[in-house]
Every structure is written in structure tokens, then in C-alpha cells.
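Okay, so here's the structure we're looking at.
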Amino acid sequence: MARPDQVQDDQLRDLFVEAQGSMRTGQANEAVKSVVRALYRLLELKPELTTEELEPRPGWKMPFLTRWPQLGANFVEGSLAKHEPKIEFVKEKFALSEAITYYEFTLETAIKRGA
Amino acid sequence: MKFGLFYELQLPKPAGQPQWNPEDEHKIYHDMLDQVELADSLGFDYVFEVEHHFLEEYSHSSAPEMLMAALSQRTKNIRLGHGIVLMPPGYNHPARVAERISALDLLSDGRVEFGTGESASTMEMGGFEVEREQKKAMWEECTREAANMMVQTPYQGFQGQFFSMPPRNVIPKPQQDPHPPLWVAASRRETTMLAARFGMGSLGFGFETPEELAERTNEYYRIIREECYPIGHAINPGLAVLTTFMMGQTDQEALERSANGPAFFSHSLGYYYNPITGGKHQPGEKNIYDSFLESNKKQNTLSAKTGFVKEEDIRKDEPEEEVQRALYRAARTGTAVGTVDRVREMLLTYEENNLDVMIFVAQCGDRKHEHIMESIELFGKEILPEFKERHETNHKAWREEQLASVDFPINSSI
Chain B
1 MARPDQVQDD QLRDLFVEAQ GSMRTGQANE AVKSVVRALY RLLELKPELT TEELEPRPGW
61 KMPFLTRWPQ LGANFVEGSL AKHEPKIEFV KEKFALSEAI TYYEFTLETA IKRGA
Chain A
116 MKFGLFYELQ LPKPAGQPQW NPEDEHKIYH DMLDQVELAD SLGFDYVFEV EHHFLEEYSH
176 SSAPEMLMAA LSQRTKNIRL GHGIVLMPPG YNHPARVAER ISALDLLSDG RVEFGTGESA
236 STMEMGGFEV EREQKKAMWE ECTREAANMM VQTPYQGFQG QFFSMPPRNV IPKPQQDPHP
296 PLWVAASRRE TTMLAARFGM GSLGFGFETP EELAERTNEY YRIIREECYP IGHAINPGLA
356 VLTTFMMGQT DQEALERSAN GPAFFSHSLG YYYNPITGGK HQPGEKNIYD SFLESNKKQN
416 TLSAKTGFVK EEDIRKDEPE EEVQRALYRA ARTGTAVGTV DRVREMLLTY EENNLDVMIF
476 VAQCGDRKHE HIMESIELFG KEILPEFKER HETNHKAWRE EQLASVDFPI NSSI
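Residue numbers (the working numbering), protein chains in the order written: chain B, 1 to 115; chain A, 116 to 529.
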């Protein structure tokens, strides 16, 4: 189960609630912006995420944050490698499905990490 | 729990040969028709067929609407599922999708399941000039509008980000009211939750364990009840997952018949969907089956030689990343491989966790048509009836409880 009320940190939880509200009213751009702010807050709370790695196949490692959906709010090239993740908006308009995808990924990551 | 068959129409090249034999494609198309006709006669509930383009050996199913049309005339009850239609307009204009879905619904007397998706392989997106960063937004816009086209008389027209058209009456209209049940392909957890928010069935490609499924099912139905804003005009609550399928009189016989099916499925999928190698495929040249045979020597995949891989051993080494994990599990889990007793026992664990639909990957890799036919027959006669009975009594009651507070119209065949 992944719901905002499972998030420990007040500020982070508020950002998810804000994103949820925007999604309910169809404001996808606003929702994506709230989720990006939530991601930054999560990285403040759990800085180890910036160095965490996945091993999709034996011997092939990649930063965990490459799982962040590349749907237009993308990491600045090279920022993950420097462990200083920074998001840039490469398009102006987001669809609701994109906002939901960002929301679900970030909320689940936050809850799994106990943030 | 209901049951279906899933088709990629895999066609490995013969080992050591640069090309297929001239009759190979003709044979898998007609074999598939025979298999589904048999499944229909035994009471299988669904067939889902993919749409893929240019993915040699992995999938030769680029025109599923043609096979579905043929099946509509050779079957009576089985539901005909697109698993899925590629919705970005570079692949299919939404009006053409709406027309084809509705026509098939009429031809099949209302048996269509409208699965949708966005595609993920570089070979396909590059071939049709679909932009990776926009494909999800394209999927959403085109799915919503295709549903509108099936309902509105006339369709009011649309000025969108990815396609526009003036008011037209998009005809024919489907037999099912307001439109066939909507599904979306979900290879990641977040897409399953997206399905719930949009009131769509989730066609899962994750080869999930029963425990994961329990968590996903609870969350999916909670979202349906509490946070759903439907993309269509009726919702289709439902979770479907894939598993590999092959039966035999003994476990060893089933494993031998399973052949290199699951491992090749996983290998060829990984080959095309790997972001680094996927786009470098040399069309018409490579023999993927040869490279699979070479690489598979070192793997503990499901096979007659290795036997069933224990679940604890699978979990010990499985990758963390969700899609890689699905590929890994696809090659190793034998949920529906084995004797009647083994397969029944494995499937009961999914039924206990309230799975709506289990979809079998029978046709894959180098498996033989006659073994697939025998498996379908064995399952249909020995296992399916008891699950059908419990579906009608227990699972439908469970679904009614889950959906009791939902106000949206529901069009679901589950």
C-alpha cells in the first residue's frame, strides 16, 4: 500500500498530498512540479539515494535514480554521475498519466525508505 | 480466477540458419488459430495478442486485428483481447483504432477486450518515429479519444497535442456498451497503479509472485474505490498477470516440452528492450536464437536439464530493477509448468490472493504446436472446471465487495 499518510516527514507528506490534489483536478503540470519538489525533499532526507545502485544484471550497475521516469522532468545530464541530482523540465506540458507515474514512483520510494 | 492464452507469435530462426524456412510464418499463424479454437471449446476465457513491429524472432504479430478477425469466426465464447494496441498515433491513428475495435466487436458479437499501450523498444519507436519522451502522453490522449469516438455520435472532434481531427461520425460503433473493456499494459508497479487511477484493467508483464500480487491487488482496488478518474466511459477493474505454461503427464515431460520457451522469451525480450543493444539490431541479419543458445549455456533457466528452479534460489539472485527482474523471472519460474497436480497447486496460490485473470504464455521459443495443444486440452479438462466454479461463487462475491462503493459504470468481463 502506498498512501501519503504513510510518509513520516510532514513536509514530504504535504507535497504528496498537494500532488494528489492536483491530479484529482486534472492539473498534471502542477502535480509534476509538486512531485519534483517531493523528490528533492526525499533526497534531503535520504541522501544515500544519490549513491544507491541497482544491479540489473550481474556485473552491470546503474544508479538507482535512473529508475526515475524520463518523461520530461529529466535529470540534468551528468548530475547523477556527480551524485548531485538536478531535474530539468524539457517540456512545458505534462499529461496526467505522466504525473501519476512520477507520483507513484516517488511515493513508493519514499515509503520503502521510511522517509 | 479466469484464464487466458497470450501470443507474441515467437519464431526463432532455425539454429545455424541465416533465415527461416519458407513455411514457418504460415505455420505459426495457423497453429495459433488451432490452439485458440481448442481453448475456446474447452472454456478458456481470454486470448490476448500483442502488437509488435520489426522484432524478428521475438514477435511476428504485427497485425493482431487480422488474427482476431479470423478468430472471431472460428470461436464462440472466448474473449478476444488486444494485448495491446500501440496507441501513439505514429503507429495507429486513434480513429482507425476505434473503427477496428468496433468492427471486431460486431464481428465477434461483443467479445473484444481493448488493451492499450505505448511501446518501449527502440526498434519500434525508431521505425515509426515515435518520440520516447512523449509516448505516454500520446497513449493517454489517443486512448481517451478512441474511447470517445466509440461513444459519441458524432464524435465532436479534437484539437490535441498529438493529433487533431474535425467532427466526424466514427463508425461502426461497438456492440458492447459503452465500449469494450479497457486495459493497459503494465510492466512496472506504477503502471498498475496508473491503470487503477484511470479505471483500466492492468495487463501485468511482471511475472509477480503471489505475495507481491496480494499487495498490488489490495492497492489497485483501493485506488479504484478512492482515487479513480476514468479515462473511458466505463471502468474495467481487473488485474491480469502472465506466466509460462506447459503441461505433461510427468513433471519431467512438461519440462522437456517446455523446451527453451521461457528462456528464449526472456532472452529475446531483453535483447530488444535493452536500451543499449536494443537499437543496434541489424534487420534481417542476426540469428537471435543462435546467440540465445550460446548465452543460455551459463544460465540456470527453466529446462529439462536444470529442472524446476526453487523459488528461494530464484529470489536469492534476482535483479532489483523491476523490468530486469521480470525478464529474469520469466526464464525461471514454472508456475504453470508440470503435471495437473503441480500446476493446480501453484495456481491455487494466485487464486488465494484474489488474482482476476491468469494468462498463459504457451507459444514461445522453440516449443512444439502439438505439445501446446495437448497442454491446453489437459488444463481445460482437468483443472479449468474447478477454478471456473470457484470464480463464479467466491471470486465474483469478493469483487462485488471490493467494488460496492464504486459509482462509475462498470464494463468488465471478469
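Positions of the beta carbon are idealized from the N, C-alpha and C atoms, including for glycine.
- Across the region 251–279 of chain A, CB contacts with chain B closer than 8 Å involve Lys251, Ala252, Trp254, Glu255, Glu256, Gln276, in sequence order along the chain.
- Residue environment: Ile391 (chain A) is assigned as exposed (fewer than 16 neighbouring CB atoms within 10 Å of its CB, all protein chains considered).
- The beta carbons of Ala301 (chain A) and Glu334 (chain A) sit no closer together than 9 Å.
- Within the region 351–429 of chain A, the complete beta strand (DSSP E) segments at least 3 residues long are 354–362, listed from N- to C-terminus.
- In the DSSP annotation of this structure, the continuous segment of the alpha helix (DSSP H) that includes Gly495 (chain A) starts and ends at 484–497.
- Glu180 (chain A) is classed as buried because its beta carbon has at least 16 other beta carbons within 10 Å across all chains shown.
- Chain-ordered, the chain A residues with CB closer than 7 Å to the CB of Leu71 (chain B) read Glu248, Lys251.
- Fully enclosed beta strand (DSSP E) runs of no fewer than 3 residues occupy 194–197, 227–232 of the region 169–241 of chain A, in order along the chain.
- In this structure, Pro63 (chain B) places its C-beta atom within 9 Å of the C-beta atom of Ala81 (chain B).
- For Pro325 (chain A), the enclosing alpha helix (DSSP H) has its first and last residue at 325–341.
- In this structure Pro287 (chain A) touches Ser217 (chain A) by the C-beta definition: roughly 5 Å separates them, less than 8 Å.
- 9 Å or more divides the Cβ of Val32 (chain B) from the Cβ of Phe105 (chain B).
- A Cβ of chain B is located within less than 9 Å of the beta carbon of Val438 (chain A).
- A distance below 9 Å separates the beta carbons of Met264 (chain A) and Ala210 (chain A).
- Contact note: Ala2 (chain B) reaches chain A through Met308, Glu334, using a C-beta cutoff of 8 Å and chain order.
- Neighbourhood of Arg312 (chain A) in chain B, by CB distance below 7 Å: Ile100, in chain order.
- Using a Cβ-Cβ cut-off of 9 Å, Glu244 (chain A) does not count as an interface residue toward chain B, since no Cβ of chain B sits closer than that to its own.
- At a beta-carbon threshold of 8 Å, the residues of chain B lying near Arg304 (chain A) are Glu104, Glu108, ordered along the chain.
- Assignment of Lys431 (chain A) by DSSP, reduced to helix, strand and coil, places it in the helix class.
- Excluding residues up to 5 positions away in sequence, Phe379, His382 lie with their Cβ nearer than 6 Å to the Cβ of Phe407 (chain A) in the same chain.
- Taking every protein chain shown into account, the CB of Lys191 (chain A) has fewer than 16 other CB atoms within 10 angstroms, so this residue is exposed.
- Here the region 277–286 of chain A makes no contact with the region 226–234 of chain A; the two share fewer than three CB pairs at distances below 8 Å.
- Our two residues, Tyr443 (chain A) and Ala369 (chain A), have alpha carbons roughly 20 Å apart in a direct line.
- Neighbours of Tyr344 (chain A) in chain B, taken as residues whose beta carbon is under 9 Å from its own, are Met23, Arg24, Gly26, Leu96 in chain order.
- CA-to-CA, the gap between Ser176 (chain A) and Ser187 (chain A) works out to about 17 Å.
- For Glu88 (chain B), the uninterrupted beta strand (DSSP E) segment begins and ends at 87–89.
- As computed with DSSP, Val458 (chain A) is found in no beta bridge at all.
- Here the alpha carbons of Gln439 (chain A) and Phe75 (chain B) stand approximately 22 Å from one another.
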